[in-house]
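So the structure is just underneath, and the comments pick up after that.
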Amino acid sequence: MPKLKTHRGAAKRFKKTATGKFLRGAAFKRHILTSKSTKRKRALRGSHLVSERDTDRLNKMLPYA
Numbered sequence: 290m291p292k293l294k295t296h297r298g299a300a301k302r303f304k305k306t307a308t309g310k311f312l313r314g315a316a317f318k319r320h321i322l323t324s325k326s327t328k329r330k331r332a333l334r335g336s337h338l339v340s341e342r343d344t345d346r347l348n349k350m351l352p353y354a
């Protein structure tokens, strides 16, 4: 059986944790930041966990993650 290809777009956006969950960056923090509150921007920092419903899809996109 041939090797599976990694989805390169997903590989650049998601990181797998030791327990098998996926981390992602927060949305809504790229531009038009002046209209967003400091509290809201602070909450968007760092990494967030991907929903468990999307984990199966990511496992197929990132077979060797």
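All residue numbers in the sequence shown are consecutive under the numbering used here, ending with 354.
Idealized CB from N, CA, C, for every residue including glycine.
Per DSSP, which residues does residue i bridge with? Please list them.
| i | result |
| --- | --- |
| L312 | K304, L338 |
Would you say residue i and residue j are within 7 Å of each other, going by their C-beta atoms?
| i | j | result |
| --- | --- | --- |
| F351 | A307 | The displayed chain sequence assigns Leu, not Phe, to residue 351. No; because the gap between Cβ atoms is not below 7 Å, this pair is not in contact. |
| H337 | R302 | no |
| L333 | K349 | no |
| A354 | K305 | yes |
Could you have a look at residue i and say whether DSSP puts it in helix, strand or coil?
| i | result |
| --- | --- |
| A354 | coil |
| R319 | coil |
| T344 | helix |
List the endpoints of the continuous alpha helix (DSSP H) containing residue i.
| i | result |
| --- | --- |
| K330 | 327 to 332 |
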